[in-house]
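*Asks:* My questions all concern the structure below.
Residue numbers (the UniProt record's numbering): 1 to 164.
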């Protein structure tokens, strides 16, 4: 199968975001300071490692479809959907919010192009599904660091209705 221009463009869009996620994740990893530093520092390593793996998997899929991935710095900088990570040291609390925003922007872009990818190439859409699952897990795990527990309500009960 040979990718259409639209499929190649959609996959390229995800590729640059994954590259940017890796680079900005590394920046966050190097500049985070504060309470729970070590846990967040190590968690960022996991995210960075997966972003690199996802980048390579997607670029190789693009090549299998005869599309040409472009991971050059200028391309990534001009076309990424991700917000910029600030310079200097960043407190862990702020880092949690910033990294959550990076992850969310990455997932939002994947979801935006997913249907079009699925119509042309379900195999590529399956790869993207795997990325979404893992990145959304990271969104939950990172954002939980800055959350306060919810007060339980009757709607939050996990017990089946009508069972004691």
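Every residue gets a Cβ at the ideal spot worked out from N, C-alpha and C, and that includes glycine.
Can you confirm whether the stretch 74 to 82 touches the stretch 99 to 111 when touching is taken to mean that 3 or more C-beta pairs between the two stretches lie within less than 8 Å?
*Replies:* Yes, they touch.
*Asks:* Measuring CB to CB, does residue 55 end up less than 8 Å from residue 29?
*Replies:* No. Outside cutoff.
*Asks:* Within 10 angstroms of its Cβ, does residue 100 collect 16 or more other Cβ (buried), or is it exposed?
*Replies:* Looking at its Cβ environment, which holds 16 or more other Cβ atoms inside 10 Å, residue 100 is buried.
*Asks:* With three or more beta-carbon pairs closer than 8 Å as the criterion, would you say the stretch 47 to 54 touches the stretch 109 to 124?
*Replies:* No, they do not touch.
*Asks:* Alpha carbons only, please: which of 153, 123, 96 and 130 is nearest the one belonging to residue 145?
*Replies:* Considering only alpha carbons, the answer is 96.
*Asks:* Can you tell me where the alpha helix (DSSP H) holding residue 63 begins and where it ends?
*Replies:* Unbroken alpha helix (DSSP H) run through residue 63: 37 to 64.
*Asks:* Would you decide whether residue 25 is buried or exposed? Buried here means 16 or more other CB atoms lie within 10 Å of its CB.
*Replies:* Result: buried.
*Asks:* For chain B, is any of its Cβ atoms less than 8 Å away from the one on residue 93?
*Replies:* No chain B is present in this structure, which holds just one protein chain.
*Asks:* First and last residue of the alpha helix (DSSP H) that includes residue 70?
*Replies:* Looking at the DSSP string, residue 70 is not in any alpha helix (DSSP H), and its letter there is neither H nor E.
*Asks:* Exposed or buried, what is residue 17 when buried is set at 16 or more other beta-carbons lying within 10 Å of its beta-carbon?
*Replies:* So residue 17 ends up on the buried side.
*Asks:* Please report how far the alpha carbon of residue 67 lies from the alpha carbon of residue 61, in whole angstroms.
*Replies:* Cα to Cα, the separation comes out at about 9 Å.
*Asks:* CB-CB under 8 Å to residue 125, same chain, minus the five flanking residues each way: which ones, in chain order?
*Replies:* Same-chain partners within the cutoff: 114, 117 and 118.
*Asks:* Pick out whichever of 63, 33 and 32 has its Cα sitting closest to the Cα of residue 3.
*Replies:* Taking only the C-alpha atoms, the option nearest residue 3 is 63.
*Asks:* Compare the C-alpha of residue 9 against each of 40, 122, 135 and 70 and name the closest.
*Replies:* Of the listed residues, the one whose Cα sits closest to residue 9 is 70.
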